[in-house]
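To keep things clear, I will list the structure first and then write my remarks on it.
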Amino acid sequence: MNELLNRLEGLVARYEEVGTLITDPSVIADQKRYVRLTKEFKDLGAIMKARKEYIETLGTIEEAKGMIASEDNPEMKEMAREELSAAQERIPELEEEIKLLLIPADPEDDKNVIMEIRGGTGGDEAALFAGDLFRMYSKYCEAKGWRTAISSFTEGAAGGYKEIIFSVTGEKVYGTMKYESGVHRVQRVPVTETQGRVHTSAATVAVLPEAEEFDVEINEGAIKWDTFRSQGAGGQNVNKVESGVRARYMWKNPNTGEVEEILIECTETRDQPKNKERALARLRTFIYDKEHQKYIDDIASRRKTMVSTGDRSAKIRTYNYPQGRITDHRIGYTIYNLAAFMDGDIQECIDCLTVAENAERMKESAM
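If you're matching positions, the sequence shown starts at 1190 in our numbering and goes up one per residue.
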């Protein structure tokens, strides 16, 4: 039996064990454990499916070889040769698929996200660029069938956003969007520039995995709630009804031991209870992100992959308008379709980043 099949064989018993555990009433009652095991069962199921096809394809190769050696009928022999050729081509593809499935998945990958875009150096131009990035991500999410909802924003004096915070809900959102965390740099002639000179500005993007209720324990009784009138577009109701909410929460940071005040605002909807619910979700995510930063830093220091460094201050991409060029500095990826990219056509870049990270992780796993 080859080495890959040996590795897969060791997972069969675990797959059967987890399959039994998720039907156990005591496990179902423990939501945290049940969710973790259901996820593991799904992941192992994908490996078992690939293992089945791999074993069947190896069997086809042996059968076809036997038929070629023993068959006298030329047509049957030719059919066997075609089967053998197709099966031999499929084997390396299957081996790559299985190796990728065997890389331990980031437990965060399946989560929804909260994204924060902030204008950095460059004043008004940075705020305009932050607005362009928000539009780019909105278009991309729309094409993926994901739902976006703005939690809060501060507009720039000339347009765009000094800061915008929004949630993205869908399938494997964090696993796809995590590569966008970092500093995005833009080179272009600002609208305010009279001499036609190219300026360099920047905006930072943070992609945070959204915390589930059982990921973070919050004493909801200790939250101080304020309400206020929302600002901005939305009809007469917005400014007359106190639908905006502000949550103040004192929290002890386990990494530093210091007590910090967390302030979260939400003006997303005209419904105050819904805004409370969403502010609470953001509070959970904020705490989860802080508590897990040490875990993320540990992974980053162990892996140090060029794709996911865990460092949100790293310059990851340049958008050069005069040349119509996008460059992702982590993998040396350059394309000249800036207009389409800013219109949400970013999948190819994300795919290249995913492939690059998977290749590094496979090297680490010595597969």
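All C-beta atoms, glycine included, are put in the ideal place defined by N, C-alpha and C.
All values reported here derive from a predicted model rather than from experimental measurement.
### Message
Counting only beta-carbon separations shorter than 8 angstroms, does Tyr-1510 have a partner in chain B?
### Response
You won't find chain B in this structure, because it holds only one protein chain.
### Reference Cys-1455, options Ile-1303, Gly-1364, Met-1366, Glu-1272, closest by Cα
Your numbering for residue 1455 matches position 266 in the sequence shown. Cα-wise, what sits closest to Cys-1455 is Ile-1303.
### Message
Let me check one thing: in DSSP terms, what residues is Asn-1442 bridge-paired to?
### Response
Translated into the one-based positions of the sequence shown, residue 1442 becomes position 253. Per DSSP, none; premise fails for Asn-1442.
### Query
Taking all protein chains shown into account, do 16 or more other C-beta atoms lie within 10 angstroms of the C-beta of His-1214, making it buried, or fewer, making it exposed?
In the sequence shown, residue 1214 corresponds to position 25, counting from 1. Rather than His, the amino acid found at residue 1214 in this sequence is Pro. The residue in question, Pro-1214, is exposed, as its Cβ has fewer than 16 Cβ neighbours within 10 Å.
### Query
Where does Lys-1361 sit, in a helix, a strand or coil, going by DSSP?
Numbered from 1 along the sequence shown, position 172 holds the residue referred to as residue 1361. Note: Lys-1361 maps to coil in three-state DSSP.
### Task
For Thr-1474, count neighbouring Cβ atoms within 10 angstroms of its own Cβ and tell me buried if that reaches 16, exposed if not.
In the sequence shown, the residue the question calls residue 1474 occupies position 285. Answer is buried; the Cβ neighbour count reaches 16.
### Query
In this structure, does DSSP put Glu-1297 in helix, strand or coil?
For the purposes of this step, residue 1297 is taken as residue 108 along the sequence shown, with counting starting at 1. Glu-1297 falls in the coil class under three-state DSSP.
### Query
If you draw a straight line from the alpha carbon of Val-1375 to that of Leu-1197, how long is it in whole angstroms?
Taking the first residue of the sequence shown as position 1, residue 1375 is located at position 186. Taking the first residue of the sequence shown as position 1, residue 1197 is located at position 8. Roughly 47 angstroms between the two C-alpha positions.
### Query
In three-state DSSP terms, what is Tyr-1525?
Against the sequence shown, residue 1525 aligns to sequence position 336. Residue state, collapsed to three classes: coil.
### Euclidean distance between Cα positions of Ala-1468 and Val-1201
For the purposes of this step, residue 1468 is taken as the residue at position 279 of the sequence shown. For the purposes of this step, residue 1201 is taken as the residue at position 12 of the sequence shown. Each residue's alpha carbon lies about 43 angstroms from the other.
### Message
Could you check whether the segment 1364-1378 touches the segment 1278-1288, counting it as contact only if at least three pairs of C-beta atoms, one from each stretch, sit closer than 8 angstroms?
### Response
In short, these stretches do not touch, since the Cβ pair count stays below three.
### Query
So, are the CB atoms of Gly-1359 and Lys-1333 less than 8 angstroms apart?
Locating residue 1359 in the sequence shown gives position 170, counting from the first residue. Locating residue 1333 in the sequence shown gives position 144, counting from the first residue. Yes; because the gap between Cβ atoms is below 8 angstroms, this pair is in contact.
### Query
How many Å lie between Glu-1205 and Pro-1293 at the Cα?
By 1-based counting over the sequence shown, the position of residue 1205 is 16. By 1-based counting over the sequence shown, the position of residue 1293 is 104. When rounded, the distance between both Cα atoms is 19 angstroms.
### Query
What first and last residue would you give for the alpha helix (DSSP H) that runs through Ala-1391?
Working through the sequence shown from its first residue, we reach residue 1391 at position 202. Where Ala-1391 is concerned, there is no enclosing alpha helix (DSSP H), although the beta strand (DSSP E) it sits in stretches over 1388-1398.
### Query
So which of Asn-1547, Ala-1503, Leu-1472 has the shortest CA-CA distance to Ala-1411?
Here residue 1411 refers to the residue found at position 222 when the sequence shown is read from its first residue. Checked all of Asn-1547, Ala-1503, Leu-1472; the closest Cα to Ala-1411 is Leu-1472.
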